[in-house]
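Visitor: I'd like to ask some things about the structure below.
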Amino acid sequence: QVQLVESGGGSVQPGGSLRLSCAASRVIGSIYSMGWYRQAPGKQRELVATITTSGSADCIDSVKGRFTISGDNAKNTVYLQMNSLRPEDTAIYYCNVVIWFGSLESRWGQGTQVTVSS
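Residue numbers (the working numbering): 133 to 250.
Here it is, written out as structure tokens:
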């Protein structure tokens, strides 16, 4: 069973920075992509950013220029550097991994809270 361990969440003031990490272990098959989603109170979970093992990255418009996703294939780890944080970035951030093992399968981390408040 794939295990995803997230770290790096916390509370910051507007304009601050945080770096999220997510390490995947017990992976059977090959990782196709890793990414971050978030869910704010009363809202649906939304994609924030993803990166494939070939290095192709994408993110939603609201975080472009502020958030950067990167990955370390050797460590099965994905990072999300979040700068210029805004109160509207407050949410639980979930790590996601898509694995190829005969078919594409998606797995989720337990989530880490990010709170941006003055």
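C-beta: ideal position from N, C-alpha, C; glycine also. It should be emphasised that the depicted structure is a prediction, and the values quoted were computed from it without experimental measurement.
Rounding to the nearest angstrom, what Cα-Cα distance links Val246 and Gly140 in this structure?
Guide: Sequence index remark: in the sequence shown, residue 246 carries index 114 (1-based). Sequence index remark: in the sequence shown, residue 140 carries index 8 (1-based). When rounded, the distance between both Cα atoms is 9 Å.
Visitor: How many Å lie between Thr258 and Cys227 at the Cα?
Guide: Because residue 258 is not part of the residues shown, which for the chain are 133 to 250, the question remains open.
Visitor: Excluding the five sequence neighbours on either side, which residues of its own chain have a C-beta within less than 6 Å of the C-beta of Ser157, listed in chain order?
Guide: Numbered from its first residue, the sequence shown carries residue 157 at position 25. The answer, listed in chain order, is Gln135.
Visitor: State buried or exposed for Phe233, treating a residue as buried only when at least 16 other CB atoms are found within 10 Å of its CB.
Guide: Position 101 of the sequence shown, counted from the first residue, corresponds to residue 233. Under this definition Phe233 is an exposed residue.
Visitor: Nearest CA to the CA of Val137: which residue from Glu237, Val210, Ser165?
Guide: Numbered from its first residue, the sequence shown carries residue 137 at position 5. Ranking Glu237, Val210, Ser165 by Cα distance to Val137 puts Val210 first.
Visitor: Evaluate Ser165 with the Cβ neighbour count: other Cβ atoms within 10 Å of its Cβ, from every protein chain shown; 16 or more gives buried, anything less gives exposed.
Guide: Start at 1 with the first residue of the sequence shown, and residue 165 comes out as number 33. With 16 or more other Cβ atoms within 10 Å, it is buried.
Visitor: Can the beta-carbon of Gly187 be found less than 8 Å from the beta-carbon of Ile231?
Guide: As a position in the sequence shown, residue 187 is number 55, starting the count at 1. As a position in the sequence shown, residue 231 is number 99, starting the count at 1. No, Cβ-Cβ distance for Gly187 and Ile231 is not below 8 Å.
Visitor: Exposed or buried, which one is Gly241 when buried takes at least 16 other CB atoms within 10 Å?
Guide: Here residue 241 refers to the residue found at position 109 of the sequence shown. Burial call: buried.
Visitor: Contact defined as beta carbons within less than 8 Å: I believe Pro146 pairs with Leu217. What is the distance between those atoms, to the nearest angstrom?
Guide: Mapped onto the sequence shown, residue 146 falls at position 14. Mapped onto the sequence shown, residue 217 falls at position 85. With a Cβ gap of about 6 Å, Pro146 and Leu217 count as contacting.
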